[in-house]
Each structure stands twice: as C-alpha cells, then as structure tokens.
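**Student:**
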Amino acid sequence: MRARILAVSTLIATALSWSLPAVAQDATGDVTVIHGFRGLTADVYLDGQLVLEGFTPERITDPMALPAGAHDVRVYEAGAATTETPVVAGSLDVTAGANISAVVHAAQDGTPRLSAFVNDTSQIPAGSVRLAVRHTAASGPIDVLLDGAPLVTGIANGTESTEQVSAAAHQVAVAAAGAADPLIPPQDAEFPEGTVMSLYLVGSATDNSLSWLAQTIAGSAGAPSAVSTGNSGLAAPRQTGVPVALVAASFGVFLVVAGRRRRAREHG
0 MRARILAVST LIATALSWSL PAVAQDATGD VTVIHGFRGL TADVYLDGQL VLEGFTPERI
60 TDPMALPAGA HDVRVYEAGA ATTETPVVAG SLDVTAGANI SAVVHAAQDG TPRLSAFVND
120 TSQIPAGSVR LAVRHTAASG PIDVLLDGAP LVTGIANGTE STEQVSAAAH QVAVAAAGAA
180 DPLIPPQDAE FPEGTVMSLY LVGSATDNSL SWLAQTIAGS AGAPSAVSTG NSGLAAPRQT
240 GVPVALVAAS FGVFLVVAGR RRRAREHG
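Residue 0 is where the sequence shown starts when you use numbering that gives the first Met the number 0, and the numbers rise one by one after that.
1. Return the Cβ separation of Glu-57 and His-34 in integer angstroms, given the expectation that the two are a contact with Cβ distance under 8 Å.
2. Would you tell me roughly how many angstroms separate the C-alpha atoms of Thr-60 and Val-32, rounded to the nearest one?
3. Between Leu-130 and chain C, is any beta-carbon pair separated by less than 8 Å?
4. Going by DSSP in three states, Ala-26 sits in which element: helix, strand or coil?
5. How would you label Ser-165, buried or exposed, when you count the other beta carbons within 10 angstroms and need 16 or more for buried?
6. So, His-104 versus Thr-135, is the Cβ gap smaller than 8 Å?
7. Which residue from Arg-112, Thr-110, Ala-115 and Leu-198 puts its Cα closest to that of Leu-144?
8. Near Ser-127, what residues of its chain come up, given a Cβ to Cβ distance below 8 Å and the 5 sequence neighbours on each side ignored?
9. Let me make sure I understand the geometry here. Which of Ala-67, Gly-202 and Leu-212 has the alpha-carbon closest to that of Arg-37?
10. DSSP three-state call for Ile-183: helix, strand or coil?
11. Can Ala-69 and Ala-26 be called in contact, C-beta distance under 8 Å?
12. Quick check: the Cα distance between Ala-168 and Thr-152, rounded to an integer number of angstroms?
13. Ignore the nearest five residues each way along the sequence and tell me which others in Val-87's own chain have a CB closer than 7 Å to its CB.
14. For Asp-180, is the classification buried or exposed, using 16 other Cβ atoms within 10 angstroms of its Cβ as the cut-off for buried?
15. Out of Gln-186, Gly-28 and Ile-141, which one is the CA nearest neighbour of Leu-91?
16. In the DSSP assignment, what are the bridge partners of Ile-33?
17. From this set, Ala-125, Leu-209, Met-63 and Ala-178, which residue's C-alpha is nearest Phe-190's C-alpha?
18. Provide the residue span of the beta strand (DSSP E) that contains Val-93, from first to last.
Structure below.
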C-alpha cells in the first residue's frame, strides 16, 4: 500500500484573533503552527494567551504576523488548566521579516517537542522548487531519496535539509540512515514550480506509522497554498464540527485529508 502525503491547511484564517498589540508591519514575522504529534488534541498558549483551542494532529494554521522577539509557547492537553504541567513548552524566537514554521512533533524517543524552521521564501529559479525535508518523527536519523537517488542523508530528528529540485512529478522515499530498505513505501508527488515545499516526516518508526505532511509556500512574497481540510482548532470564535473528507489525486499519488468544517457558534 502506498504511503500518503497529507497536505494540510485551514479554511478559516479570517477567524483568527490573537489580540496582539499593534506593531509596525516591518517589526513582525510570519509564523505558521503545524501539529505533527499524533494522539494529542492540544490547546496552545502564546505568551499566556490561548490562541489555538482543540488543535488536532496533522493540521496547520495559516501564517500569523507576530511581533519580532522571543515568545513563550506552552502546549497543553485540550481542556487542561494552565496550572497543570504543559505537554511541551519552549521559546519561539521571531525575527522581523522571517517566515517560520513552528512544529509540535515527536522527538526521537517519542516524547513531544517543539521545533522551529525558517522558510526561505527568496526568489526561486524558473523551473525549480525549493524542497525542505524536515525530520519530525519518532525515528533515528534518516536518508531521503528522490527518484531512487540519494537527496539528503543522515538527517536527525528536529533538523532539516533544503535542496533545489526540478518542478515535476518525483518519487520520494525515506530509509533509516545507511539502510537500503525504505521505512515506508515510495511516494509519488507533484512539485509545483516556484514553490517552497516542506515535507515533514511524522509518526513513529517503531510502530510503523510513519507518513509525510506537506506544506507548500509560494516563492518570494507569495502566500501559502495547500489542500484545505477545515478545522484548524482556532480559539476564536468557538465552533462546532461537521465531519468531511477530501481526497485529491495527482500523478497517481493520493492526498488524503480528513478534517472537520467548523461553523461559528453564536453567543447570546
């Protein structure tokens, strides 16, 4: 059975309300939050404020402008009191003008951790894609192959490698570092021209649950684009859910996404 690359995004970015202080646009950075830790429905707090409520695994927010500087991030089990110990906590350093992906994911030993990756959105040559491979799974170092040839080797958990590849359909495979056999079946995927495509390996090698999540960002000053899935777990407004599923096929690869469309609940 083929592995599946999940491309995830949010349908309701306009509902986002962080109640952040007004700052000059050139003093902010864009931050996208990605949930790559399975089994955890989370409430996410930024600088003590609840900003993502009921955030479910394999979901991604739209980018949000945050003031440059260090921000305190704390992730709790959904509904937990802030007096309890967070599942994971850390500091997110935002540089003015940067485009950052903050990822909640599994460390090599399977415990939750928070990693931040800076997305290079500078000009991309014609006919090319900037591919970032990010190791966010409970696994030792990995090798990634593109069309059967080594692309990057020995990537450790919480790190990445970025390469420029041709815009075309490619086959992606992943193996334990130095091993010949793939950890998951090779995957065919389309790499759109002029984009920054980030592939996140998530899941666990020990229980054979590894898979890919994909984040696609337009090059230069473009905005992110991806297959929309509905629920992003946004804290405001509060919402109720209706199950939906979206299946898209491209060059023989299935982008399977299951999400929930949420409609705002009126407050009396």
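The beta-carbon is built from N, C-alpha and C at its ideal position, and this holds for glycine as well.
Note that the coordinates shown come from a computational prediction; the quantities given were computed from them, not determined experimentally.
**Tutor:** So, from the data block:
1. Contact holds; Cβ gap of about 7 Å.
2. Straight-line Cα distance between these residues: approximately 5 Å.
3. Here there is only one protein chain, and chain C is not present.
4. Secondary structure of Ala-26 (DSSP, three-state): helix.
5. Taking all protein chains in view, the Cβ of Ser-165 is surrounded by fewer than 16 other Cβ atoms within 10 Å, so the residue is classified as exposed.
6. Here His-104 is near Thr-135, since their CB atoms are less than 8 Å apart.
7. Nearest option by C-alpha distance: Leu-198.
8. Cβ within range, chain order: Gln-163, Val-164, Ser-165, Ala-166, Glu-192 and Gly-193.
9. Of the listed residues, the one whose Cα sits closest to Arg-37 is Gly-202.
10. In the structure shown, Ile-183 sits in a strand (DSSP, three-state: E or B).
11. Remark: C-beta atoms of Ala-69 and Ala-26 do not approach each other more closely than 8 Å.
12. Going by the C-alpha atoms only, they are around 21 Å apart.
13. Around Val-87, the same chain offers Val-74, Val-103, Pro-111, Arg-112 and Leu-113 as residues with beta carbons nearer than 7 Å, after the five sequence neighbours per side are excluded.
14. The C-beta of Asp-180 has fewer than 16 other C-beta atoms within 10 Å across all chains shown, which makes the residue exposed.
15. Nearest neighbour of Leu-91 by Cα position, chosen from Gln-186, Gly-28 and Ile-141, turns out to be Gly-28.
16. Looking at the DSSP assignment, Ile-33 forms a beta bridge with Ile-59 and Val-102.
17. Measuring from the Cα of Phe-190, the nearest candidate turns out to be Ala-125.
18. 87 to 93 is the span of the beta strand (DSSP E), which, as asked, contains Val-93.
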